[in-house]
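I have placed the structure first, in the form of C-alpha cells, so that the comments after it can refer back to it.
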Amino acid sequence: MSNWLQIVVAAPAHSAIAGPLTYQSESPLPVGSLVRVPLGRREVLGVVWEILPDSGALLEMQTRHVAGVLEGLPPLSATWRKLVQFTAGYYQRSLGEVALAALPPQLRDLSSVQLARRLKRPVADTSHAPSTASLMALSPEQTAAIAEFDVDTRPALLFGATGSGKTEVYLRAAARVLEQDPAAQVLVMVPEINLTPQLQSRFEERFAHLGKERVVALHSGLTPAQRLKSWLAAHAGHARLVLGTRMAVFASMPNLRLLVVDEEHDPSYKQQEGARYSARDLAVYRAKIETEDATHDHGPCRVLLGSATPSLESWQATLAGRYQRLTMSERIAADEGEQASLPTVRRVDMNHQPKQGVIAPPLLDAIAQRVARGEQSLIFLNRRGYAPVLACHDCGWKSECPHCSAFRVFHKIDRTLRCHHCGYTERVPRACPSCGNIDIAPVGRGTERLEEHLAELLAGVKRPDGEPPRIARIDADTTRLKGALESQLASVHAGEIDVLVGTQMIAKGHDFRHITLVAAINPDGALFSSDFRAPERLFSLLMQAGGRAGRDARHSGASEMWVQTFHPAHPLFEALKKHDYPGFAAQQLAEREAAGMSPFGYSALVRAEARAQDVAQGFLNAAAAQAEAQQLTGDGQVTAYPAVPMTIQRVANIERAQMLVESSSRAALQRFLAAWQPVLFETRQQAEFKSLIRWAIDVDPIAI
Ligand code: ADP
Ligand code: ZN
Ligand code: ZN
C-alpha cells in the first residue's frame, strides 16, 4: 500500500509550481523528512510537508515515487516548518523556494554514503565540565539588565551605548540558558561576521567547557562543506550555540531557547533578493512560535535584540509596551576608577569655511594634533573611488555610464572610470569624448582622493617619533581580496596607521582602542533624502562611528566626533551632540506618525524591470487597475500609488520602476498582497507585457 505525501521542492516564485507536489512512497515517512524526488528529468531535494489520506488507485497512476530518503537525519520540526510557511506567506514567495533556500545547498548533492559518514560523530561528547573561564565582574547596569531580562517573557530590546558591554550581556544570557537545560540551544545573530572575527573566538572560549564543537558558525563566508557541517550539528542538537548572519534565522535547532540579534537596526538583516525577509522580524516571530510549540515545560523561548541606536520599529514597540526595554547608558571604563565617556561632538559649519576645502581648517588642525600626539583618527565619507565624476569644463561632458542612469566614478589608482551599479569599467579617455578638450578634471571627492589630499595636507606634520604620518584607506576597493580587510584592520589595531580614511564600512563594529577622533566629511545628503529612513540610518551611522572613538578610557576624555555640515542646527545633529537617541527617535516617530509611515503604517514595494520604462510602469499600473476593478483594496484600506521610475532608473540597460502600496493595517496589506499576487501573474501574461524581465514584491522595504 502506498503512502501519499505532499512534498515541497525548490521552485522559483514565478514558476507554475507554487505549493507542494504529491508523491507516493512505499514506506511511511514522517512529516519533515528530507527526501529525494524526481522532478521532470532531474532528481531534487524535497521536504515532506503533509501526509494525505489514502485516495485510492487514481492517484497511484499519476504520481511518481519518492526516490530516496536522507537516512539518519531526524525530520525538520513542526516549528521550523511553521517558520518557513509563515515566511513564504508574509513575504509573498513560494513555499519551496523559502524551504529549500533555508537548507544548506550541499545537502542536495550528498549520497547516502557521504551523509552517513558525516553523521558519524567521533565520540559522543557529553561532558559538562563546569565553566572554568574566569568571568569579569559585571557593571551595575549589566547586572540590572540581566536580572530584568530574566523576569520577563516579552521580546527584549537591550538599548546599550557603544562600549556599554552588550556582548557580555549576550554571553551571560546564553550561559544561563545553556546551563539550565543540557539540551538547550542558543542562536546569536550578527550583521556581518567578517567584520567581527574576534566575536566567534570570544563565544568559543566562553563555552569551551561544554565540549568540542558546541559553538558553530553559519554564514555565507563558509565553504559549502563547513556550512553543511554546522547545519548538521545544529540540526542534530549537538551544537549548543549557533553564531550566524541573517540566514541563520532558519537554522534547524530542535531545542532553541534563546535568540540574540546584535545591532538589530542593521540593514543587512533584510535580505535583498529572493524572499526579502527581515531576519530580525523573523527572530521575534520564531521566539513566539518556539514558545508556543515547546512540548514540555521549558519556559518561554526568549529573543534579545540589542543596539545603541535601535530601529524605530523596535523602539516604538518598547514605548508601546510590546517589548521589554533594558537600558545601559554608561560605557565600561577600561581601568578601574576611570570614567569612560562618549566623545564630544563638534559641528563644523561649512557655510563659514573656505569654499574649495574638503577638510575644514579646524578639523585638519585637530587631526594634525592627534598625529603629533601619536593618536589615531578615522575619517569617513560615503563615496569610494577618487572622484565621483570626471567632467569637461568646456562642453559640460560628464562621465556618465552608458548603461545606467548614473555617473561612473573616477578611480585614479588604475586610471579607470567604473560604474558602481553595473560594474562597467573603461580606461580614462585621453581627451573629452565629446569635444576633444584634453583638460578633463575630477569633480567632487571619493575616499581615494581624500586619502591623497590628506597626505598632502599633513605633509609637514610629524609623529612623536619624528616620522611622517601613515595614512591608510579601507573601502570596498582595498578589501576586494580575501583576508585583505582582516589584515588592514590588524594594522590599525597594531597602531601602524595614524589616519584611516574609508567609507561607512569602517564605522561599524570595530573595537578600535586608540582612535580619539572620528570625522564625517559630508553627511548632509541624508538630511533631505527622498527615503524617509535616511535620517535614521545617518544618525545610527554617526553614533556608531562616534562609538569608535575613545573606547580606551585613557583617551576618552579628549575624544571627539567631528561633523562637517551646511546645516549645523539640524535637529539630527542637535540630538547627536547630546548622544540623545531617545530625543532623535521622538522627533522621527512624531514625523512618521503624522505621515502614517512605518512603524505606524505598513508598506510594500512592487518592482518591475524591463528594457523600456513604459513597459515596467505599464505592467505595475495595469495590475493595480485590475486590483481596483476586482475591489481587492478593500474599503480604501490599502492604497496603491502610481508606478514611478526608481531613483537609479536604469542599471545595465534595464529600466526599473516601482509601485508603493500602503495601509494602516498590516493584516489588510497582507490580505491585499495575497489576493493581488495571482493578478500580477496574469497581467504578466498579457501580450503587451511579454517583454517584462521580472517583477518582485518587497514587503516592509527598508529603502524606498
Ligand atoms: P558594546 O557591544 O556594547 O559596544 P562591548 O560588548 O564591545 O560593548 O564591550 C566594550 C568593552 O568592554 C569590551 O572590550 C569588553 O570586553 C569590555 N567589558 C564588557 N563588560 C565588562 C565588564 N563587566 N568589566 C570589564 N570590561 C568589560
Ligand atoms: Zn568636452
Ligand atoms: Zn553602469
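Heads up: the sequence shown at position 229 corresponds to 445 in the numbering used here, and the numbers run straight through without jumps.
Built from N, CA and C at the ideal position, the CB exists for glycine as well.
From a predicted model like this one, the values you see are computed outputs, not experimental measurements.
Item to check | Any non-hydrogen atom of ligand 2 within 6 Å of C620 CB | outcome: Result no, Cβ not under 6 Å from ligand 2.
Next on the checklist: Nearest by alpha-carbon distance to R309: which of W892, E712, I920 is it?
Outcome noted: Of the candidates W892, E712, I920, the one whose C-alpha sits nearest the C-alpha of R309 is W892.
Item to check | Segment contact, 8 Å Cβ cut-off, at least three pairs: the stretch 587-606 with the stretch 673-690 | outcome: For the pair of segments examined, the stretch 587-606 was found to touch the stretch 673-690: the number of CB pairs separated by less than 8 Å reaches three.
Checklist entry - What do you get for V339, buried or exposed, if any count of 16 or more other CB atoms within 10 angstroms of its CB means buried? => result Any answer about V339 is weak, because its pLDDT of 48 lies below 50 and its placement is not dependable; what the coordinates show is given next. The residue is exposed, with fewer than 16 neighbouring Cβ atoms inside 10 Å.
Next on the checklist: At a cut-off of 6 Å, would you count D655 as near ligand 2, judging by its Cβ distance to the nearest heavy atom?
Outcome noted: No, since every heavy atom of ligand 2 falls outside the 6 Å radius drawn around the Cβ of D655.
Item to check | Stretch pair the stretch 237-255 + the stretch 278-296: three plus CB contacts closer than 8 Å | outcome: Between the stretch 237-255 and the stretch 278-296 there are three or more inter-stretch CB-CB distances shorter than 8 Å, so the stretches are counted as touching.
Checklist entry - Rounded to whole angstroms, how far is the Cβ of R686 from the Cβ of I713, which I believe are closer than 8 Å? => result About 5 Å separates the two Cβ atoms, so the contact holds.
Next on the checklist: Per the DSSP calculation, V225 is bridged to which residue(s)?
Outcome noted: DSSP lists G262 as partners of V225.
Next on the checklist: Tell me whether G376, by its Cβ, gets closer than 6 Å to a heavy atom of ligand 1.
Outcome noted: Remark: the shortest separation between the CB of G376 and any heavy atom of ligand 1 falls under 6 Å.
Checklist entry - Where does the unbroken beta strand (DSSP E) through V465 begin, and where does it stop? => result No beta strand (DSSP E) holds V465; DSSP gives it neither H nor E.
Item to check | Contact check, D509 vs V406, beta carbons under 7 Å | outcome: No, these two residues do not count as a Cβ contact at 7 Å.
Item to check | 6 Å Cβ shell around M813 - same chain, five flanking residues per side excluded | outcome: Non-local C-beta neighbours of M813 in its own chain, meaning closer than 6 Å and more than five positions away in sequence, comprise F748, ordered along the chain.
Checklist entry - Should E683 go down as buried or exposed, given a rule of 16 or more other Cβ atoms within 10 Å for buried? => result Answer is exposed; the Cβ neighbour count stays below 16.
Next on the checklist: By alpha-carbon positions, which one of N219, A884, C617 ends up nearest to A868?
Outcome noted: Looking at the Cα atoms, C617 is the closest of the given residues.
Checklist entry - When the Cα of Q442 is compared with those of L908, P321, A372, F419, which residue comes out closest? => result The shortest C-alpha separation from Q442 is found at P321.
Checklist entry - For Q213, which residues does DSSP report across the bridge? => result Because the chain spans 217 through 920 in this model, residue 213 falls outside it and cannot be assessed.
Checklist entry - What does a CB cutoff of less than 7 Å around P739 pick up in its chain, not counting 5 residues either side in sequence? => result Here the set comprises L754, L758, V779, T781.
Checklist entry - Which residue comes first and which comes last in the beta strand (DSSP E) that contains P751? => result Premise fails: P751 lies in the alpha helix (DSSP H), 750-764, not in any beta strand (DSSP E).
Item to check | Exposure of Q704, with buried meaning 16 or more beta-carbon neighbours within 10 Å | outcome: When all chains shown are included, Q704 counts as buried.
Checklist entry - Do you know how far the Cα of P917 is from the Cα of E313? => result Their Cα atoms are separated by approximately 20 Å.
Checklist entry - What residue ranges within the stretch 582-670 form continuous beta strand (DSSP E) runs of no fewer than 3 residues, ordered along the chain? => result Counting whole runs of 3 or more residues, the stretch 582-670 contains the beta strand (DSSP E) stretches 592-596, 605-608, 625-627, 632-634, 641-643, 656-659.
Checklist entry - For G248, which of helix, strand or coil comes out of DSSP? => result G248 carries a coil assignment under DSSP once its states are collapsed to helix, strand and coil.
Next on the checklist: If we require 4 or more residues per run, which alpha helix (DSSP H) segments fall completely within the stretch 297-366?
Outcome noted: Contiguous alpha helix (DSSP H) elements confined to the stretch 297-366 occur at 311-317, 322-325, 328-335, 356-366, taking only those with 4 or more residues.
Item to check | Distance cut-off 6 Å: G379 Cβ against heavy atoms of ligand 1 | outcome: Yes.
Next on the checklist: Using a Cβ-Cβ cutoff of less than 7 Å, which residues in the same chain neighbour G799 once the five nearest sequence positions on both sides are dropped?
Outcome noted: Excluding positions up to five away in sequence, the list reads A791.
Checklist entry - Should the stretch 615-635 be regarded as contacting the stretch 594-604, the criterion being three or more beta carbon pairs within less than 8 Å? => result Contact annotation: the stretch 615-635 touches the stretch 594-604, with at least three C-beta pairs closer than 8 Å.
Next on the checklist: Measuring only the C-alpha atoms, how far is L633 from A622?
Outcome noted: So the alpha carbons of these two residues sit roughly 12 Å apart.
Checklist entry - Around the C-beta of Y501, are 16 or more other C-beta atoms found within 10 angstroms, so that it is buried, or is it exposed? => result So Y501 ends up on the buried side.
Next on the checklist: Is T641 near ligand 1 - that is, is its Cβ less than 6 Å away from at least one heavy atom of it?
Outcome noted: No - ligand 1 has no heavy atom lying nearer than 6 Å to the Cβ of T641.
Checklist entry - What do you reckon, are the CB atoms on L474 and V393 nearer than 7 Å? => result Their beta carbons are under 7 Å apart, which means L474 touches V393 by this criterion.
Next on the checklist: What would DSSP say about Q886, mapped onto helix, strand or coil?
Outcome noted: Here Q886 carries a helix assignment [DSSP, helix/strand/coil].
Checklist entry - How big is the Cα-Cα spacing for E259 and R280? => result One C-alpha to the other measures close to 12 Å.
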